[in-house]
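Enquirer:
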Amino acid sequence: MKTQLSQEQIRDFLVEVFAKLVKVKHDDVDTHMAFDRYGLDSAAAVEFTAVISNKISKELEPTLLYDYPTIELLTKFLVQTVAEEAA
Amino acid sequence: MTAAAVKTAKTGASLEAIQDHYDLSNDFYRLWLDEQMVYSGALYHHDSETLEQAQLNKLDQHIRAARAHDARRLLEIGCGWGACLRRAVTMARVEHAVGLTLSQAQADYIRRRGEPQIEAFVENWQDHRPSAPYDAIISIGAFEHFARLEYSDAEKVAAYKSFFARCQERLLRPGGYMSLQTFAYGSTRTRQSAIGDSATQFLAREIFRETDPPTLANIAEAIQSHFEIVALRNDRLDYARTLREWMSRLKRRRSQAVSLVGEEATQRYERYLQYSFIGFQTGNLDLYRITLRRLELPWRRA
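Line order of the protein sequences matches chains G and W. So in this note's numbering, the last spot in the first sequence is 195, and the numbers never skip. So in this note's numbering, the last spot in the second sequence is 303, and the numbers never skip.
#1: Name, going along the chain, the residues of the region 165 to 192 of chain G whose beta-carbon falls closer than 7 Å to a beta-carbon of chain W.
#2: Inspect the beta-carbon positions of W:PHE228 and W:ARG295 and report whether they are closer than 8 Å.
#3: So W:PHE278 contacts chain G; which residues on that side make the cut at Cβ distance below 8 Å?
#4: Hey, W:LEU75 and W:ASP154: beta-carbon distance below 8 Å or not?
#5: Label W:SER277 either buried or exposed according to how many other C-beta atoms from any shown protein chain fall within 10 Å of its C-beta, with 16 as the threshold for buried.
#6: So if DSSP puts W:ARG294 in a beta bridge, which residue, or which two residues, is it bridged to?
#7: Alpha carbon to alpha carbon, how far is W:MET38 from W:VAL123? Give it in angstroms, no decimals.
#8: I need the straight-line Cα distance from W:ALA160 to W:GLY177, nearest angstrom please.
#9: Any beta carbon from chain C within less than 8 Å of G:SER161's own beta carbon?
#10: Going by alpha carbons, who is nearest to W:GLY142 out of W:ILE220, W:PRO131, W:LEU233 and W:GLY79?
#11: Which same chain residues, not among the five before or five after W:ARG158, have their C-beta less than 8 Å away from its C-beta?
#12: Answer yes or no: does any C-beta atom of chain W fall closer than 8 Å to that of G:ASP149?
#13: Please state whether the Cβ-Cβ distance between W:GLY280 and W:LEU274 is less than 8 Å.
#14: Would W:GLU151 pass as a contact of W:GLN118 if the rule is Cβ separation under 8 Å?
#15: Within the same chain, show all residues whose beta-carbon is closer than 6 Å to that of G:PHE143, passing over the 5 residues directly before and after it, in chain order.
#16: Sorted by chain position, which residues of the same chain lie with C-beta nearer than 6 Å to W:ILE64's C-beta, five sequence neighbours on each side aside?
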């Protein structure tokens, strides 16, 4: 299942979850803008990380969103992580 | 409450608020802390060190910083389950080590061990009246509780100032040292911004009631005319590493934790550890270890 997630699917998934979390429209999410610019705080970051962790079935650091602070950076990291897991 | 009122009233978290947290269950804390049950950020000298070793490093560092080796009498304000008192007596030849805590469970734990050179009192530092001043003071992870979220900055400084004044005037001998460890708001944002964060609100509501950590500026202001800073370290990443280890241990023993305190409390602690980890890893929280020397009071000499 993990290997079937393409870069686009991961990005779309992240945008969808993030938009709901910070209560903005899906189309208004700028994937290059840092999460904290949308008012994402540490509580929401933990929640977001838990959803991602569940999606890719892999434990992730609670500081994930601080290490990869935009949708684009996070997508790249997750693509690589999923690929490594599948290898 | 005015700053003047804070100076005279009991400041910081109440006995009840402290006991809510620290009296939850000794067995629960034993599941995820180190074997000595040290509940504060450790001190890592090397990447390969265990949490156990890093906690001993931290205790030894404070004993050294307080110049407590071979001291006749040592006071620890906020003594937890007594690890630092034991270390001071067994490894630094301290003759008599006195610990203050507001947790009944912690004091009972220490007393049950029956170590003749160690005494623990369930007592606020404001109420402690020793027959003579101590040779050295150590305080690890208590200072965070000395002010409340609703205090203004001026009220917080007044509360901290009353602590330093008490240590200077009643608790520490002339020329004595105090080694203080406290976490604090970091330099990444203002206190107001931190207080607005839902993680801060969660911690203040669900984990550490009636508690708000200081800023470095608060401490620097509060010591004036009471203590001088001899050394200052910010080891926030050491606290992040400590929290990572605590999270990992709690995860491994999660089912035991649930049996002891229930699913809801376990989840609450998991959230708290995660938020704290983020705080220290990102610099929203700092961990200060401060060596302080008592200022003399020449104007009060006979």
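Where a beta carbon is used, it is the ideal one built from N, C-alpha and C, also for glycine.
Expert: Well, looking at it:
#1: PRO170, THR171 and TYR174
#2: yes
#3: PRO170 and THR171
#4: Their beta carbons are not under 8 Å apart, which means W:LEU75 does not touch W:ASP154 by this criterion.
#5: Under a 10 Å Cβ-count criterion, W:SER277 is classified as buried, with 16 or more other Cβ atoms of the shown protein chains found around its own Cβ.
#6: Answer is W:TYR178 and W:GLU229.
#7: 18 Å
#8: 22 Å
#9: The displayed structure is made up of protein chains G and W, and chain C is not among them.
#10: W:GLY79
#11: A small correction: the amino acid at residue 158 of chain W is Val; Arg does not occupy that position in the sequence shown. Counting only Cβ-Cβ distances below 8 Å, and skipping sequence neighbours, we find ALA4, ASN219, GLU222 and ALA223.
#12: yes
#13: no
#14: no
#15: LEU173 and PRO177
#16: ALA89 and ALA93
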